[in-house]
Amino acid sequence: KTFGCGDVHEGWYDMDRRTGFGMYIWLNGDKYTGSWVDGRMSGRGTKVLSSTSDTFTGTWVADRANGYGVKLFRCGDVHEGHYRDDRRHGYGTYSWSSGDRYEGDWYDGRMSGLGVKTMANGDSYDGEWEDDRAHGFGVKTFANGDVHEGMYRYDV
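The letter at position 82 of the sequence shown is residue 77 when you use our numbering, and the numbering goes up by one with no holes.
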């Protein structure tokens, strides 16, 4: 079915609402393939953004990433973990294309809670995070073997 706005949907309908499995292509080139409930992306599916080539495969609820999923970024970064309202939220692992890696808690799209970030150069920080920065008690281990244990306040 082609809509007046130029969007296209191929799949099942129930009472004129997308339902079951289907594929939807927006006029801008974004594409979703997966489950639909009451006309909305719900269940398991994959969405590819045409402008960035970013891809999310996982659980959807009412058109938003909710639950477990994997997001691949055009730059080579990868996040695997839980989402709430299209944002990283709960436990997950983010791997940067640079070789850095964070594994731990997320809140509203930011590293917050307990987590370990290992840098490509061998340095690591294991401890509390807030707003993407080391904040609270933590242990910083340097590649040369030096260790700093203590309280951090926004990365300092």
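Ideal Cβ placement from N, Cα and C applies to all residues, glycine included.
Just so you know, these numbers come straight off a predicted model, no measurement behind them.
Cα-Cα separation between residue i and residue j, rounded to whole angstroms
| i | j | result |
| --- | --- | --- |
| W21 | H74 | 25 Å |
| Y78 | K42 | 14 Å |
| G94 | F137 | 16 Å |
| G110 | W124 | 7 Å |
| D118 | K135 | 7 Å |
| N139 | G145 | 19 Å |
Residue i - containing beta strand (DSSP E), residue span
| i | result |
| --- | --- |
| V134 | R128 to T136 |
Pick from the options that is closest to residue i, judged by C-alpha positions
| i | options | result |
| --- | --- | --- |
| Y147 | N139, D127 and G140 | D127 |
| Y149 | D141, N139 and G122 | G122 |
| W55 | F68, G71 and G34 | G34 |
| H84 | G1, S90, T47 and Y63 | Y63 |
| G15 | N23, G24 and T28 | T28 |
| V3 | M10, D9 and M18 | M18 |
| A115 | W91, T(-3) and C0 | W91 |
Rounded Cβ spacing between residue i and residue j (contact assumed at less than 8 Å)
| i | j | result |
| --- | --- | --- |
| R12 | G6 | That pair is no contact at about 11 Å. |
Identified DSSP bridge partners for residue i
| i | result |
| --- | --- |
| F68 | Bridge partners of F68: none, in fact. |
| H74 | K66 and Y89 |
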